[in-house]
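K.L.:
Input: one structure, supplied below.
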Amino acid sequence: MKRTVEEHASRFDDHAAEYDESQDSEEYKACAGLVIELADPDPDDVVLDIGTGTGAIALALAPRAKRMIGRDISGGMLEKAREKAAAEGLDDRVEFGEGRFREPGYEGAVDVVTSNFAMHHLSDEEKREAIREIADLGPRRFVLGDVMFFGEPDPDEPFYSPEVDDPATVGTLVEAFTEAGFAVTHARRVHDQVGVLVGERLE
Ligand SMILES: C[S@@+](CC[C@H](N)C(=O)[O-])C[C@H]1O[C@@H](n2cnc3c(N)ncnc32)[C@H](O)[C@@H]1O
28 MKRTVEEHAS
38 RFDDHAAEYD
48 ESQDSEEYKA
58 CAGLVIELAD
68 PDPDDVVLDI
78 GTGTGAIALA
88 LAPRAKRMIG
98 RDISGGMLEK
108 AREKAAAEGL
118 DDRVEFGEGR
128 FREPGYEGAV
138 DVVTSNFAMH
148 HLSDEEKREA
158 IREIADLGPR
168 RFVLGDVMFF
178 GEPDPDEPFY
188 SPEVDDPATV
198 GTLVEAFTEA
208 GFAVTHARRV
218 HDQVGVLVGE
228 RLE
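Positions in the sequence shown are counted from 1; adding 27 to them yields this note's numbering.
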């Protein structure tokens, strides 16, 4: 992790008010769309979205699941997510609260875990720990959309700012999924530095 959790939280607190308007790239939209599509929850599923931010994934999935749990380290982003849930009449289906990848702060059973554009703030070792932690929650599926390298890292290309980001290669992530007990069933490239992985739990 190139900055502490507290530094990331503060950075996103400052950014919360204009975050949604700033996410206007085709690649961000495509990545979020794939995460929503591939999460594919059943109506009786509990879905946990980590690094939920202002709720882009959580609010899209909430009408399709029994219960949606959103976790984030930024109080400012969570506040915005709660406002949007209320405005969309979804506040009885979604619970937003503080939690982080390696301590999601949710003890109940979880069927599907999602995360979009958030895990790349962790170092590769922290990502491995986080993926193991997610596997321990027992979901049948984990869908990760994120900045990830399909080719050589290139800070001159979009989505990778080395001063704040620490993305992994797709190979490193596939290895971490596999070690944690997930079979990787999809590895979808959105951009050379953005993609979506789906892990299905091995019985
Ligand atoms: C780029 S935003 C993505 C938000 C949302 N998932 C989306 O698709 O729009 C990244 C989010 O990850 C959160 N975040 C960063 N590090 C985190 C961590 N260790 N645990 C949980 N959330 C984290 C930030 O606070 C921020 O809200």
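Every residue gets a Cβ at the ideal spot worked out from N, C-alpha and C, and that includes glycine.
Counting beta carbon pairs with one atom in the region 78 to 91 and one in the region 126 to 145, are three or more of them shorter than 8 Å?
P.N.:
Yes, they touch.
K.L.:
Taking the DSSP output, what are the residues bridged to valine 73?
P.N.:
What you label residue 73 is simply residue 46 of the sequence shown in a count that begins at 1. DSSP output for valine 73 lists Arg94 as bridge partner(s).
K.L.:
If I follow the unbroken alpha helix (DSSP H) through methionine 175, where does it start and stop?
P.N.:
Residue 175 sits at position 148 when you count from the first residue of the sequence shown. Looking at the DSSP string, methionine 175 is not in any alpha helix (DSSP H); the run it does join, the beta strand (DSSP E), is 168 to 176.
K.L.:
Keeping to the same chain, check which residues put their C-beta closer than 6 Å to that of histidine 148; ignore five residues upstream and five downstream.
P.N.:
On the sequence shown, residue 148 is found 121 positions in, with the first residue counted as 1. The answer, listed in chain order, is His35.
K.L.:
If I measure Cβ to Cβ from glutamate 227 and keep anything under 7 Å in the same chain, skipping five residues before and after, which residues do I get?
P.N.:
Residue numbering aside, residue 227 sits at position 200 when the sequence shown is read from its first letter. Taken in chain order, the residues that qualify are Arg167, Arg168, Phe209, Ala210, Thr212.
K.L.:
Would glutamate 184 and aspartate 219 qualify as a contact pair, given that the criterion is a beta-carbon distance under 8 Å?
P.N.:
The residue labelled residue 184 in the question sits at position 157 within the sequence shown. The residue labelled residue 219 in the question sits at position 192 within the sequence shown. It is a contact, given that the beta carbons lie within the stated cut-off.
K.L.:
Would arginine 120 pass as a contact of methionine 95 if the rule is Cβ separation under 8 Å?
P.N.:
For this step, residue 120 is matched to residue 93 along the sequence shown. For this step, residue 95 is matched to residue 68 along the sequence shown. Yes, these two residues count as a Cβ contact at 8 Å.
K.L.:
Between the region 101 to 108 and the region 38 to 45, are three or more C-beta pairs nearer than 8 Å?
P.N.:
Enough Cβ pairs lie closer than 8 Å, so yes.
K.L.:
Starting from valine 32, trace the alpha helix (DSSP H) in both directions and tell me its first and last residue.
P.N.:
Start at 1 with the first residue of the sequence shown, and residue 32 comes out as number 5. Its alpha helix (DSSP H) spans residues 32 to 49.
K.L.:
Cβ of phenylalanine 39 versus every heavy atom of ligand 1: is any distance shorter than 7 Å?
P.N.:
Working through the sequence shown from its first residue, we reach residue 39 at position 12. Yes.
K.L.:
Give the DSSP-derived three-state secondary structure of alanine 195 in the structure shown.
P.N.:
Within the sequence shown, numbered from 1, the residue matching residue 195 stands at position 168. DSSP places alanine 195 in strand when its eight states are reduced to three.
K.L.:
Sort Pro180, Asp67, Gly172, Glu48 by Cα distance to threonine 79 and report the nearest one.
P.N.:
For the purposes of this step, residue 79 is taken as the residue at position 52 of the sequence shown. Comparing Cα positions, the closest option is Gly172.
K.L.:
Starting from the N-terminal end, write out each residue whose C-beta falls within a distance shorter than 5 Å of any non-hydrogen atom of ligand 1.
P.N.:
Working through the chain, the matches are His35, Phe39, Gly78, Gly80, Ala83, Asp99, Ile100, Ser101, Met104, Arg127, Phe128, Asn143, Phe144, Ala145, His148.
K.L.:
I'd like the list of long-range same chain contacts for valine 201, defined as Cβ closer than 8 Å, with 5 residues on each side in sequence excluded.
P.N.:
If you number the sequence shown from 1, residue 201 lands on position 174. Contacts found: Val211, Ala214, Leu224.
K.L.:
Can you tell me whether leucine 75 is buried or exposed? The criterion is at least 16 other CB atoms within 10 Å of its CB, across all chains shown.
P.N.:
Translated into the one-based positions of the sequence shown, residue 75 becomes position 48. By the neighbour-count rule (16 or more Cβ atoms within 10 Å), leucine 75 is buried.
K.L.:
Considering only C-alpha positions, which residue in the set Phe177, Leu61, Val174, Asp163 is nearest to valine 137?
P.N.:
Position 110 of the sequence shown holds residue 137. Nearest of Phe177, Leu61, Val174, Asp163 to valine 137, Cα basis: Asp163.
K.L.:
Closest by CA to alanine 44, which one among Arg98, Glu130, Lys111, Ala195?
P.N.:
By 1-based counting over the sequence shown, the position of residue 44 is 17. Of the candidates Arg98, Glu130, Lys111, Ala195, the one whose C-alpha sits nearest the C-alpha of alanine 44 is Lys111.
K.L.:
Taking the CB atoms as reference points, tell me whether lysine 154 and alanine 207 lie closer together than 8 Å.
P.N.:
In the sequence shown, residue 154 corresponds to position 127, counting from 1. In the sequence shown, residue 207 corresponds to position 180, counting from 1. Cβ distance not < 8 Å, so lysine 154 and alanine 207 don't count as in contact.
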